[in-house]
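Peer 1: Residue numbers (the numbering used here): -19 to 222. Positions of the beta carbon are idealized from the N, C-alpha and C atoms, including for glycine. Right, I'll just put the structure down here and ask away after.
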């Protein structure tokens, strides 16, 4: 079987990535937005079939014919998972909206399917789902890539959404280092209880990712890490290593 895996793009999910939602009033998000757009462009150059992986309240699949809007976040900015998406979902999950918004602006020919993972999905189930997704994606002869939409801790500063927890900076640094190094082993064993306590929203998505790329030799590139709003954000690209 020919290997058709081409790249992983790692991005966060804050609605403030969408400039219309900030009204020009959040310059601290410019760097993470630019990095996320860069990551999506790189993914678009590598593959036109994307599988987006994100976290939500419940597990679901959002098909490529779906479009949504950021109206619920304050502005009616539409986003599509494919050029011809006709099915409007007024409750499209945030991770799918971010994936669609990035596709619209960087890779309009890309076709995206979004898998939303319930935040409380356990480690074993996440890894198993990742392995199943890899089998599904490799069954096609189309080149494909992953867009992982996931956030870090929400407890990094006193003004963060979850206030400050003094454990968070070290935990976030460790997660960022693992993402920067494509340390799949660490991500597969991440302490989900601690992540829950610190509001690390992306843990389930990263563990699904670990299942998808298990055994793959990877070349990582870090594009951004920071916490401009007291929430940990990481942006990067993983590519197969020759």
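Check for me: the beta strand (DSSP E) holding residue 32 runs from which residue to which?
Peer 2: Sequence index remark: in the chain shown, residue 32 carries index 52 (1-based). Residue 32 -> beta strand (DSSP E) spans 29 to 36.
Peer 1: Just how far apart, CA to CA, sit residue 133 and residue 175?
Peer 2: To locate residue 133, count along the chain shown from 1; it is residue 153. To locate residue 175, count along the chain shown from 1; it is residue 195. Those two C-alpha atoms are separated by around 7 Å.
Peer 1: As an exercise, report each continuous alpha helix (DSSP H) stretch of at least 4 residues that is fully enclosed by the region 154 to 221, in chain order.
Peer 2: Correct list: 164 to 168, 172 to 178 and 183 to 192.
Peer 1: When the Cα of residue 212 is compared with those of 190, 136 and 71, which residue comes out closest?
Peer 2: As a first step, residue 212 must be located in the chain shown, where it is residue number 232. Here the closest residue by C-alpha is 136.
Peer 1: State yes or no: is the C-beta of residue 129 within less than 8 Å of the C-beta of residue 50?
Peer 2: Here the question's residue 129 lines up with position 149 in the chain shown. Here the question's residue 50 lines up with position 70 in the chain shown. Not a contact, by the Cβ cut-off of 8 Å.
Peer 1: Output the residue ranges of the alpha helix (DSSP H) runs that lie fully inside the region 71 to 100 and measure 4 residues or longer, sorted by chain position.
Peer 2: If we require 4 residues or more, the alpha helix (DSSP H) runs fully inside the region 71 to 100 come out as 74 to 86.
Peer 1: If distances are taken between C-alpha atoms only, which option among 100, 112, 165 and 90 comes closest to residue 125?
Peer 2: Counting from one through the chain shown, the residue named residue 125 turns up at place 145. The shortest Cα separation from residue 125 among 100, 112, 165 and 90 belongs to 90.
Peer 1: Do residue 65 and residue 32 have their C-beta atoms within less than 8 Å of each other?
Peer 2: Sequence index remark: in the chain shown, residue 65 carries index 85 (1-based). Sequence index remark: in the chain shown, residue 32 carries index 52 (1-based). Against a cut-off of 8 Å, the Cβ pair of residue 32 and residue 65 comes out as no contact.
Peer 1: Pull up the distance between the alpha-carbon of residue 40 and that of residue 182, whole angstroms please.
Peer 2: Residue mapping note: residue 40 aligns to position 60 of the chain shown, counting from 1. Residue mapping note: residue 182 aligns to position 202 of the chain shown, counting from 1. If you take the alpha carbons of residue 40 and residue 182, they lie about 16 Å apart.
Peer 1: Could you tell me which residues DSSP puts in a beta bridge with residue 68?
Peer 2: As a working note, residue 68 is residue 88 in the chain shown. Beta-bridge pairing links residue 68 to 47.
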